[in-house]
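Chemist: Last residue of the sequence shown: number 648 in this note's numbering, and the count goes up by one each step with no gaps.
Using N, Cα and C, we set each Cβ at its ideal position, and we do this for glycine too.
First, the structure itself, so that you have it in front of you.
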Amino acid sequence: MDNRAIGIFDSGLGGLTAAAALRELMPMENIIYFADSARVPYGAKSRDELLIMARQDLELLASFQVKFIIAACGTVSSNAAHIIESFPVPSLGVLKPGIQAMSRIPGDAPLGIIATAASIKAGAFRRELERLCPGRRIVDLPCPDFVPLIESGHTGADDPELREAVEHSLAPAKEAGVSALLLGCTHYGIIAPAIRDFLGDGVELVSASKSAAQAACERIARLGLTGGEGGETLYYTSGDAGEFSAAASGLLGLEVRARHLPAMEINGRYGDSF
Ligand code: DGL
Numbered sequence: 375m376d377n378r379a380i381g382i383f384d385s386g387l388g389g390l391t392a393a394a395a396l397r398e399l400m401p402m403e404n405i406i407y408f409a410d411s412a413r414v415p416y417g418a419k420s421r422d423e424l425l426i427m428a429r430q431d432l433e434l435l436a437s438f439q440v441k442f443i444i445a446a447c448g449t450v451s452s453n454a455a456h457i458i459e460s461f462p463v464p465s466l467g468v469l470k471p472g473i474q475a476m477s478r479i480p481g482d483a484p485l486g487i488i489a490t491a492a493s494i495k496a497g498a499f500r501r502e503l504e505r506l507c508p509g510r511r512i513v514d515l516p517c518p519d520f521v522p523l524i525e526s527g528h529t530g531a532d533d534p535e536l537r538e539a540v541e542h543s544l545a546p547a548k549e550a551g552v553s554a555l556l557l558g559c560t561h562y563g564i565i566a567p568a569i570r571d572f573l574g575d576g577v578e579l580v581s582a583s584k585s586a587a588q589a590a591c592e593r594i595a596r597l598g599l600t601g602g603e604g605g606e607t608l609y610y611t612s613g614d615a616g617e618f619s620a621a622a623s624g625l626l627g628l629e630v631r632a633r634h635l636p637a638m639e640i641n642g643r644y645g646d647s648f
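Right under this line is the structure:
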């Protein structure tokens, strides 16, 4: 029995989709969630910045003595896989589990991937899916409008601004006739109803967050790290704790009381601000 917490991080609210999925699979585990809300959106950052931020986020969670870390951020997972995979605390990102789930979609219709601009630019989602599904047509689309909308509360399927952004961003996937769409940014699960409304029930939505939670659960068991006491989640944000708590409570349907941690300087050494 290892009752140390599992760490989960994202740029903001998106990783809550992974935290919720993990909580369902592992009800007795303790979780520490970190939202780097002061620096959202990660999808607009450069690769160099993302490499630094990935390490800072991992080190922050490691400072809480977590036993395992989920980088619940497609942008970090696709730009900094080597940092996640070589980190001293066992860690995984959302890219590989999400792509593995996509590779099991039967048939030969095109497969869609949506993710942040920085993720699509990195090309790792496409490359990994091409490797597992050679010859299959892949449509990968950046959706830079989604995260700012979600973080500012535009999440309802009937929200006019969100509907417009979904139509505009996903039209090429609809035209291509994709049979499945990977939600390669963890924020996108929050707006799955709006995406489903636009694409219709015939398109399977594959959640990178849920796939990552499943993969984490299996790996934690394999490593002998399963815990059996607690079931508590602590939330931290580098942004405004009240705002994050209100948004997270609404999304999760439970009371979240986040604590504030000072934002990290991109040029500062890790630890300067803590
Ligand atoms: N939720 C993150 C992702 O999965 C980051 C989105 C952002 O901050 O741009 O990519």
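Identify the continuous beta strand (DSSP E) that holds residue 713 and give its terminal residues.
Modeler: A query on residue 713 cannot be resolved here, the shown segment of the chain reaching from 375 to 648 and no further.
Chemist: Where are the beta strand (DSSP E) runs, 3 residues long or more, that stay fully inside the segment 430 to 478, in chain order?
Modeler: You should have 442 to 445 and 465 to 467.
Chemist: Since residue 527 contacts residue 621 with CB under 8 Å, what's their CB separation in whole angstroms?
Modeler: Translated into positions along the sequence shown, residue 527 becomes position 153. Translated into positions along the sequence shown, residue 621 becomes position 247. Yes, they are in contact, since the Cβ atoms of residue 527 and residue 621 sit about 7 Å apart, within 8 Å.
Chemist: Determine the direct distance from the alpha carbon of residue 575 to that of residue 420, and round the result to whole angstroms.
Modeler: Translated into the one-based positions of the sequence shown, residue 420 becomes position 46. Translated into the one-based positions of the sequence shown, residue 575 becomes position 201. Cα to Cα, the separation comes out at about 35 Å.
Chemist: Got a sec, what are the start and stop residues for the beta strand (DSSP E) residue 487 sits in?
Modeler: Residue 487 sits at position 113 when you count from the first residue of the sequence shown. Unbroken beta strand (DSSP E) run through residue 487: 485 to 489.
Chemist: Per DSSP, what kind of secondary structure is residue 614 in: helix, strand or coil?
Modeler: Numbered from 1 along the sequence shown, position 240 holds the residue referred to as residue 614. Coil, per DSSP.
Chemist: Identify the residues that DSSP records as bridge partners of residue 406: which are they?
Modeler: Position 32 of the sequence shown, counting from 1, holds the residue named residue 406. DSSP lists 381 and 608 as partners of residue 406.
Chemist: How about residue 550 and residue 486: are their beta carbons less than 9 Å apart?
Modeler: Counted from its first residue, the sequence shown places residue 550 at position 176. Counted from its first residue, the sequence shown places residue 486 at position 112. Contact flag set, yes.
Chemist: Evaluate contact between the segment 607 to 622 and the segment 403 to 417, counting only Cβ atoms and requiring at least three cross-stretch pairs below 8 Å.
Modeler: Contact between the segment 607 to 622 and the segment 403 to 417 is present, because at least three Cβ pairs lie under 8 Å.
Chemist: With DSSP collapsed to three states, give me the class of residue 554.
Modeler: Here residue 554 refers to the residue found at position 180 of the sequence shown. DSSP places residue 554 in strand when its eight states are reduced to three.
Chemist: In chain order, which alpha helix (DSSP H) runs of at least 4 residues are fully inside the segment 514 to 582?
Modeler: Listed in chain order, they are 520 to 525, 534 to 550 and 566 to 573.
Chemist: Rounding to the nearest angstrom, what Cα-Cα distance links residue 627 and residue 509 in this structure?
Modeler: The count along the sequence shown starts at 1 and reaches residue 627 at position 253. The count along the sequence shown starts at 1 and reaches residue 509 at position 135. C-alpha separation (whole angstroms): 42 Å.
Chemist: Measuring straight from C-alpha to C-alpha, what distance separates residue 564 and residue 429?
Modeler: Against the sequence shown, residue 564 aligns to sequence position 190. Against the sequence shown, residue 429 aligns to sequence position 55. About 26 Å.
Chemist: Cβ of residue 415 within 8 Å of any heavy atom in the ligand DGL?
Modeler: In the sequence shown, residue 415 corresponds to position 41, counting from 1. Residue 415 Cβ: within cutoff of the ligand DGL.
Chemist: Using CA atoms only, rank isn't needed, just tell me which of 469, 546, 536 and 480 is closest to residue 523.
Modeler: Numbered from 1 along the sequence shown, position 149 holds the residue referred to as residue 523. Selected option, being the one with the closest Cα: 536.
Chemist: Going by C-alpha distance, which of 495, 383, 439 and 506 is nearest residue 720?
Modeler: No answer is possible for residue 720: the residues shown for the chain start at 375 and end at 648.
Chemist: Please list, in chain order, all residues of the same chain as residue 391 whose beta carbon is under 6 Å from its beta carbon, the five residues on each side excluded.
Modeler: The residue labelled residue 391 in the question sits at position 17 within the sequence shown. Cβ within range, chain order: 560, 563 and 583.
Chemist: Using the three-state DSSP reduction, which class does residue 594 fall into: helix, strand or coil?
Modeler: To locate residue 594, count along the sequence shown from 1; it is residue 220. Correct three-state label for residue 594: helix.
Chemist: Mind reading off the beta-carbon distance from residue 479 to residue 554? Whole number of angstroms is fine, and I expect it under 8 Å.
Modeler: As a first step, residue 479 is located in the sequence shown; it is residue number 105 there, counting from the start. As a first step, residue 554 is located in the sequence shown; it is residue number 180 there, counting from the start. Right, the Cβ-Cβ distance comes to about 4 Å (below 8 Å), so this counts as a contact.
Chemist: From residue 637 to residue 612, what does the alpha carbon distance come to, in whole angstroms?
Modeler: Residue 637 sits at position 263 when you count from the first residue of the sequence shown. Residue 612 sits at position 238 when you count from the first residue of the sequence shown. If you take the alpha carbons of residue 637 and residue 612, they lie about 5 Å apart.
Chemist: Let me check understanding here. Comparing Cα to Cα, which of 451, 435, 416 and 504 lies closest to residue 408?
Modeler: Indexing the sequence shown from 1 puts residue 408 at position 34. Among 451, 435, 416 and 504, the Cα nearest to that of residue 408 is on 435.
Chemist: Rounding to the nearest angstrom, what Cα-Cα distance links residue 516 and residue 488 in this structure?
Modeler: For the purposes of this step, residue 516 is identified with residue 142 of the sequence shown, where counting begins at 1. For the purposes of this step, residue 488 is identified with residue 114 of the sequence shown, where counting begins at 1. Each residue's alpha carbon lies about 6 Å from the other.
Chemist: Taking the alpha-carbon positions, what's the residue 530 to residue 465 distance?
Modeler: Counted from its first residue, the sequence shown places residue 530 at position 156. Counted from its first residue, the sequence shown places residue 465 at position 91. Rounded to the nearest angstrom, the two C-alpha atoms are 32 Å apart.
Chemist: Just to confirm, is the Cβ distance from residue 450 to residue 431 under 9 Å?
Modeler: What you label residue 450 is simply residue 76 of the sequence shown in a count that begins at 1. What you label residue 431 is simply residue 57 of the sequence shown in a count that begins at 1. Yes; because the gap between Cβ atoms is below 9 Å, this pair is in contact.
Chemist: Consider the C-beta atom of residue 381 and the heavy atoms of the ligand DGL; say whether any pair is separated by less than 8 Å.
Modeler: Locating residue 381 in the sequence shown gives position 7, counting from the first residue. No, the beta carbon of residue 381 sits no closer than 8 Å to any heavy atom of the ligand DGL.
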